[in-house]
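Only one structure is covered here, and it is reproduced in the block below.
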Amino acid sequence: MTDPNNQANAGDILHGKNNRNVRGIPAHFMIYLSPDPQSKMQFLGAMLTSSAKFGNIALEESHFEKFNNDGFEWQVQFKASFISAYLYHKKNDWQPFTKVGQLSKEGLKFIEDQIGYKEAVFFPFNKD
Numbered sequence: 569m570t571d572p573n574n575q576a577n578a579g580d581i582l583h584g585k586n587n588r589n590v591r592g593i594p595a596h597f598m599i600y601l602s603p604d605p606q607s608k609m610q611f612l613g614a615m616l617t618s619s620a621k622f623g624n625i626a627l628e629e630s631h632f633e634k635f636n637n638d639g640f641e642w643q644v645q646f647k648a649s650f651i652s653a654y655l656y657h658k659k660n661d662w663q664p665f666t667k668v669g670q671l672s673k674e675g676l677k678f679i680e681d682q683i684g685y686k687e688a689v690f691f692p693f694n695k696d
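Position in the sequence shown (first residue = 1) + 568 = this note's numbering.
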């Protein structure tokens, strides 16, 4: 996938192959939420993490789909999962993107209720 704004749906869990982190740690998986009104070259998303620190918000197992439409297990499922407490700008140039999971309808609503109303920011540890 090269352009989530045209190829993804709200609640898709994505991995961006070229999403790099300045601290040398692997980049987080991201949840596609919507196109970014500031730029066609970005989208709005949530950041998945396994850390309970920094005010991160705990998710529940019911927030994740376990299987795709073909009956295969998603790579990313609930496992002590959290989202960052911020809404983020995500860059299309982190492509190619691979869909690695899916939120349930309940999970998407939960995330939209928690951070969907916030002003989007850039994650300070992503490389430009």
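Don't be surprised by glycine CBs; every beta carbon is placed ideally from N, CA and C. If you're wondering where the values come from, they're calculated on a predicted model, not measured in any experiment.
> With 16 as the cutoff for other CB atoms within 10 Å, does Gln670 come out buried or exposed?
Replying inline: In the sequence shown, residue 670 corresponds to position 102, counting from 1. Around the beta carbon of Gln670, 16 or more other beta carbons lie within 10 angstroms, which makes this residue buried.
>> Which complete beta strand (DSSP E) runs does the stretch 590–624 hold, if anything under 3 residues is left out?
In response: List check, beta strand (DSSP E) in window: 598–603 and 610–617.
> What distance in whole Å lies between the Cβ atoms of Ala578 and Ser602, which are believed to be in contact at a cut-off of 8 Å?
Replying inline: One-based indexing of the sequence shown puts residue 602 at position 34. One-based indexing of the sequence shown puts residue 578 at position 10. Contact flag correct, Cβ pair sits at about 6 Å.
>> For Phe622 and Trp642, I'd like the C-alpha separation in whole angstroms.
In response: Counting from one through the sequence shown, the residue named residue 622 turns up at place 54. Counting from one through the sequence shown, the residue named residue 642 turns up at place 74. Phe622 and Trp642 have their C-alpha atoms spaced approximately 27 Å apart.
>> Classify Glu629: buried if its beta carbon has 16 or more other beta carbons within 10 angstroms, exposed otherwise.
In response: If you number the sequence shown from 1, residue 629 lands on position 61. Burial call: exposed.
> beta strand (DSSP E) containing Gly584: first to last residue?
Replying inline: Numbered from its first residue, the sequence shown carries residue 584 at position 16. That run of the beta strand (DSSP E) goes Asp580 to Gly584.
> When the Cα atoms are used, what is the spatial distance from Leu627 to Ile599?
Replying inline: Locating residue 627 in the sequence shown gives position 59, where the first residue counts as 1. Locating residue 599 in the sequence shown gives position 31, where the first residue counts as 1. Rounded to the nearest angstrom, the two C-alpha atoms are 13 Å apart.
>> Could you check whether Lys677 and Leu655 sit closer than 9 Å to each other, using their CB atoms as the reference points?
In response: By one-based count along the sequence shown, residue 655 stands at place 87. By one-based count along the sequence shown, residue 677 stands at place 109. Going by C-beta atoms, Leu655 is not nearer than 9 Å to Lys677.
> Since Val689 sits in a beta bridge, which residues does DSSP pair it with?
Replying inline: Along the sequence shown, one-based indexing puts residue 689 at 121. Bridge partners of Val689: Tyr656.
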